[in-house]
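Protein sequence lines correspond, in order, to chains A and B. Under our numbering, the final residue of the first sequence carries the number 611; numbering is consecutive throughout. Under our numbering, the final residue of the second sequence carries the number 1611; numbering is consecutive throughout. Only one structure is covered here, and it is reproduced in the block below.
Number of protein chains: 2
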Amino acid sequence: MAQTAVHIDFQPIGRRIQIRSGATLLEAAQQAGVGLVAVCGGSGVCGTCRVRVLAGQVNPPTPTEEDELPAEDLAAGLRLACQVQVQSDARVDVPRESLSAPQRTQVEGESLAVPLAPAVIACDVALEPATQTDLRSDWTRLLDGLAAAEVEAEVPQDRFVLAALPPVLREHGWRVRAAVRGREVIAVGPVERAPLGFAVDVGTTKLAGYLVDLTTGRTLAMDGRMNPQIAYGEDVMARISYAIQGPEHAATLQRAIAEALNALLIDLCRRAGARLPQVVDAVMVGNTAMHHLLAGLPVMQLGTAPYVAAVSDALDLKARDLGLEMAPGAYVHLLPNIAGFVGADHVAMLLATDTPGKPGVTISLDIGTNTEISLNAHGRLLACSTASGPAFEGAHIRDGMRAAVGAIERVRIADGRLNYQTVGGARPVGICGSGILDAIAQLRLVGALTEQGALLPFARVRAADHGPEFLLATAQESGHGRDVTLSRSDVGEIQLAKAAIRAGMRILLEEAGLTEADLDRVIVAGAFGTYIDVDSAITVGMFPPLPRERYFQVGNAAGMGACQCVLSVQQRRLAQQIARRVDYLELTNDRRFTDRFTQALALRPDCWDEG
Amino acid sequence: MAQTAVHIDFQPIGRRIQIRSGATLLEAAQQAGVGLVAVCGGSGVCGTCRVRVLAGQVNPPTPTEEDELPAEDLAAGLRLACQVQVQSDARVDVPRESLSAPQRTQVEGESLAVPLAPAVIACDVALEPATQTDLRSDWTRLLDGLAAAEVEAEVPQDRFVLAALPPVLREHGWRVRAAVRGREVIAVGPVERAPLGFAVDVGTTKLAGYLVDLTTGRTLAMDGRMNPQIAYGEDVMARISYAIQGPEHAATLQRAIAEALNALLIDLCRRAGARLPQVVDAVMVGNTAMHHLLAGLPVMQLGTAPYVAAVSDALDLKARDLGLEMAPGAYVHLLPNIAGFVGADHVAMLLATDTPGKPGVTISLDIGTNTEISLNAHGRLLACSTASGPAFEGAHIRDGMRAAVGAIERVRIADGRLNYQTVGGARPVGICGSGILDAIAQLRLVGALTEQGALLPFARVRAADHGPEFLLATAQESGHGRDVTLSRSDVGEIQLAKAAIRAGMRILLEEAGLTEADLDRVIVAGAFGTYIDVDSAITVGMFPPLPRERYFQVGNAAGMGACQCVLSVQQRRLAQQIARRVDYLELTNDRRFTDRFTQALALRPDCWDEG
């Protein structure tokens, strides 16, 4: 076969590469800088580099693929990139779970198709100019014009919107586009501009923003960036501690997040070729503390028992009152909170995953420093929050780090050999949450770790000052002069974290008179949850040992929920109904919790004493 | 009679003085610093120092009083202060028209009793503290408490109000006062504070502010101050010219007025022993340009034909959006405008004077650089604005000045002798509007001035470079080295001003098929209108020659209208109904205007050619 050049188009990241015909998709991905997970380095043993060929000629599945991929995945067209040789131009879908961190923008998620019902609609009107015999005020004239177009609106009670009309009318020949929200005109401008919406998942660590066209529902641009409040405290409690030191501190946090959101929106607009005044609506979700800090609400009462929110209902606040730069009269819709530690982001996740609408028994959870868990038990909704701590984000772990470049994110011990993959394929700087979970699971599987978390004598297990440790990468490999290791105390941190999650799930089920076996599905959302290996999570006892197909890793469902709500007021109503339907269970009050937590510390799939 | 000391209490200014028994009230007033008008200096010939003795022993009316005062005034208890000798402690009412300028705060006016129906009510609630078993959010808790007190409210969509609750609850034992506007909580605070309202007449030249208790309707404090925008243009047109030079200019004007209003409110609060956060509501009125500049609206279209307002409806804007410091969520209600040159202040005046409710035929007018005139012709409301120019404010007059200390404000020529009175009794610096009007009327009455405005040979009429002039005060009297005079061209300015007013009144009447003789009453409002001598105004032909009792000088009716509206939402509705009922007549379009204006230039009571 003559070696010709072919073009490969990697979706949805949108990266294109030209490569010789006959190359593997893994080679193409590496050359294109697509961070495809490939723990085994392309030997076909790890099964992580899954892709889907959408168009183009490739070889049929190899025996390796038939071994590594479940029949259902093969049937669904999944392939291992290392096994696929391209013979023509091709288009390839890289599933989120096959991407390593640099592409982990966590702005994508499984979106439900939402019928468009935006809060803000655009209405174009052409008006008669004012004359000596028609002295109606500009606003009376506009409202008359809107009424003629069957859009009933009132004079806006907003000086910034009011002020915009006279110049627009006179500079654009008395033709104007009005953005109307209910009966309130929230912006006026030239007719050519489409109204846009801004949806944001305001995470403690990261912001994920989406710019959508409110007339088509299309996402025009999406991007993620760090939450700059991190400089004032890594987790929620640290940030609350900072905020309550004085009004200036709280204001600093509010300004920081507002500035970051403005920068994010400017960037999205630039990429979409749009202008800020086109952005006429926004929906933001976050945990209760992020919600309060964004809205400039006191968090003092979130930091001490009984941990109550200042406000739990959905809010519609003027964007400018939050320091956000959008259309002059635009609002930011903040979804309702459920409790002090179950926030609007969880509501958005429940909405996007349609957890409340699922038949049977479903658990949905978003893993973080606090893990919010909801159970839908045949229509009854229960939620709790459990303090899983920052170990999964690499904190309190000796060589722990966030899922940044150089973090060991996947670990496999196959045929007695350690394989790992780092974010960005860089030299191993440390280890992030998904890597730690993998490492512990693999150590358990090979018998190097007890159920209690003690390291046993094994290859790469060695003695250190603080006890035995597992060598992940040598100083030579890491290049920063230190070995990357996993210690007994690191394992202990993960035990605490996963026990909190497992116990929380269990108590919700108990409250509903159910057991883990009754679970029809477990929906795992969020950055960490999306990239973990569910098998590892089951092996270490974080998740119950259910058939693999009952687990759904759904990406940034909170962000998707925000997007759905920016496209539809029905979705906002649904979110409010969900928030009202959920019964919150305070685990710190629950007498069962300590016992379940203690049992759940064991590193085994079924960690319950009673079987 | 033994000379004993008696106490005199001058009302409503509230000044008290101790004086020897037997002294005249004029002496007492002078000693007390009460600026009682006394043009003749106490000789009993000018009839200007009218007062009413409310309590105490005084001599019966003297023959002088019986000569000078009309029988009806005598019957009503009016006296001349220069003729009244006090024999005991006494309480004396000094009518507004008897006061000279230093007391001309123009914050007082004829107020109608208004049944209290404030937009904002206060509701006190005592709540159960949050506990582990009652985790309602603070706002849910408050709204539940309000509902129990039968006050239905919603979660406020205002971050500043939302933020106030958590600390208030915890610092004041979960007892809180909520200020509720409709269903919106606009402030929360400790229970002890009464809710207050702020009413302001935003004049082009002066601001008049009132602080009222919304639970009693009492006015706690009132004060006036200059509109600082004067530095950027003396009249409306100059200010518009300044504003349209750029957004920064407009913003400067907005900030200037906001800062002055803040300073005024702080001062009123200090005097009433109140605090800013108690101020939960405000009503402001002004002409259309002042309204727009306060609300930060463009004025460009007010400065060029066809002179349309940006908005004519009533507005409820967040006070903080205007830069005003009140309770966190307080609104400012701006009354509706009628047209580009008939503003909310005129609506407030019509409301306060109940012009629309009067039987028969009524004209109400507010004289200024622009004079707004409304006609109620048997229930039909017509309004116009006429460019009367700044002559009455002393501009374009050689020795003209505002009614400040040293301005000649009253002039009488009796028995061939010139008498005048200055504001504050100071040396004559110049002459203000009411003085010019008096001077011209007096010159007409003694035959020193023709109907056309030409000065004839007469005592104190002398030749000057620019033609003949009338000597009001010598350089020696004035003390500033210049004579104070009135020239032909000064008279001409007044002719233009008064002709505009008279023609406007006439055209409104014509439009309704009526004549001046049909007028049952003429209501004259505002600073200038209140201090002019109506007889002088009739003599020069500014006002039609109707019986004196058909004229009513009502003080700052616009300010009173604002007060009524801050006390009652019914009054706001009434104001809107009035604004809608008024048919605006654009005089610049009116073919009759030039003819009527030309005729009205004549300096005689009945200036119409056809009689």
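A virtual CB, placed ideally from N, CA and C, is assigned to each residue, including glycine.
* Asked: Looking only at DSSP bridge pairs, what is I363/A linked to?
  -> L375/A and V522/A
* **Three-way DSSP call (helix, strand, coil) for A1101/B in this model** => Bear in mind that the predicted position of A1101/B carries a pLDDT of just 44, short of 50, making it too unreliable to give a figure here.
* Check whether the Cβ of F160/A lies closer than 7 Å to any heavy atom of the ligand FAD, and answer yes or no. => With respect to the ligand FAD, the structure offers nothing, as it holds no ligand at all.
* Provide the residue(s) that pair with C607/A in DSSP beta bridges, ordered along the chain. => Paired residue(s): none; C607/A is not in a bridge.
* To do: Entirely within the segment 1189-1254 of chain B and at least 3 residues each: give me those beta strand (DSSP E) ranges in chain order.
  => 1196-1202, 1206-1213 and 1219-1226
* Expected contact under 8 Å - CB spacing of C1565/B and H1346/B to nearest Å -> In fact, because the Cβ distance is near 14 Å, the residues do not count as touching under 8 Å.
* Asked: Helix, strand or coil: how does DSSP classify G56/A here?
  -> coil
* To do: With 8 Å as the threshold, decide whether the Cβ of V53/A is near any Cβ in chain B.
  => no
* Listing by chain order, which chain B residues have their CB less than 8 Å from the CB of Y584/A? -> L1135
* To do: Just mark P1156/B as buried or exposed, buried being the case when its beta carbon has 16 or more other beta carbons within 10 Å.
  => buried
* Sufficient close CB pairs (3 or more, under 8 Å) joining the segment 582-597 of chain A to the segment 380-393 of chain A -> yes
* State the beta-bridge partners of R1592/B as determined by DSSP. => The partner list for R1592/B (beta bridge, DSSP) is empty, contrary to what the question assumes.
* **Spatial distance of R183/A from Q1571/B (CA atoms)** => 25 Å
* To do: Report the neighbours of W139/A on chain B: residues whose CB is nearer than 9 Å to its CB, in chain order.
  => A1309, A1310, V1311, S1312 and D1313
* **Spatial neighbours of L1456/B in its chain, beta-carbon cut-off 6 Å, leaving aside the 5 residues before and after** => A1448
* **C-alpha distance - S434/A paired with A1256/B, whole-angstrom precision** => 59 Å
* For the beta strand (DSSP E) that contains D144/A, what are its first and last residues? -> Careful: D144/A lies outside any beta strand (DSSP E), inside the alpha helix (DSSP H) at D138 to A148.
* Classify A1441/B as helix, strand or coil using the three-state DSSP reduction. => helix
* Kindly confirm or deny that the segment 394-408 of chain A and the segment 419-427 of chain A touch, where touching means at least three C-beta pairs closer than 8 Å. => yes
* Asked: Applying a beta-carbon distance threshold of less than 8 Å, which residues of chain B neighbour Q301/A?
  -> A1130, D1138, P1166 and R1170
* **Best match in Y531/A, P166/A, A475/A and A500/A for proximity to L603/A [C-alpha to C-alpha]** => A500/A
* Look at A1473/B and D1483/B and say whether their C-beta atoms are less than 8 Å apart. => yes
* Report the residue from V1569/B, R1581/B, L1264/B and D1223/B whose alpha carbon sits nearest the alpha carbon of T1355/B. => R1581/B
* Asked: Residues in its own chain within less than 7 Å of L1350/B by CB, not counting five upstream and five downstream?
  -> P1356, S1364, S1374 and I1578
* Asked: Which whole-angstrom value is the C-beta distance of V299/A and I240/A, which I expect to be below 8 Å?
  -> 5 Å
* Asked: For chain B, is any of its Cβ atoms less than 8 Å away from the one on P190/A?
  -> no
* Residues of chain A with a CB under 8 Å from the CB of A1339/B: which are they? -> L135
* Select from A1497/B, G1323/B, L1214/B and D1535/B the residue whose C-alpha is nearest the C-alpha of A1391/B. => A1497/B
* To do: Can you say whether T1048/B is buried or exposed, counting buried as having 16 or more other CB atoms within 10 angstroms of its CB?
  => buried
* To do: Taking only the alpha-carbon atoms, compute the straight-line gap between R462/A and G430/A and give it to the nearest angstrom.
  => 18 Å
* Nearest chain A C-beta to Q1577/B closer than 8 Å, yes or no? -> no
* Where M300/A sits in the DSSP three-state scheme -> helix
* Could you check where the alpha helix (DSSP H) with T1288/B kicks off and where it finishes? -> T1288 to A1295
* To do: Along the alpha helix (DSSP H) that carries L1350/B, what are the first and last residues, could you check?
  => A1344 to A1352
* To do: Count the C-beta pairs between the segment 1133-1141 of chain B and the segment 1083-1096 of chain B that are closer than 8 Å, then say yes if the count reaches three, no if not.
  => no
* For Q1018/B, write down the residues that DSSP places opposite it in a beta bridge. => H1007/B
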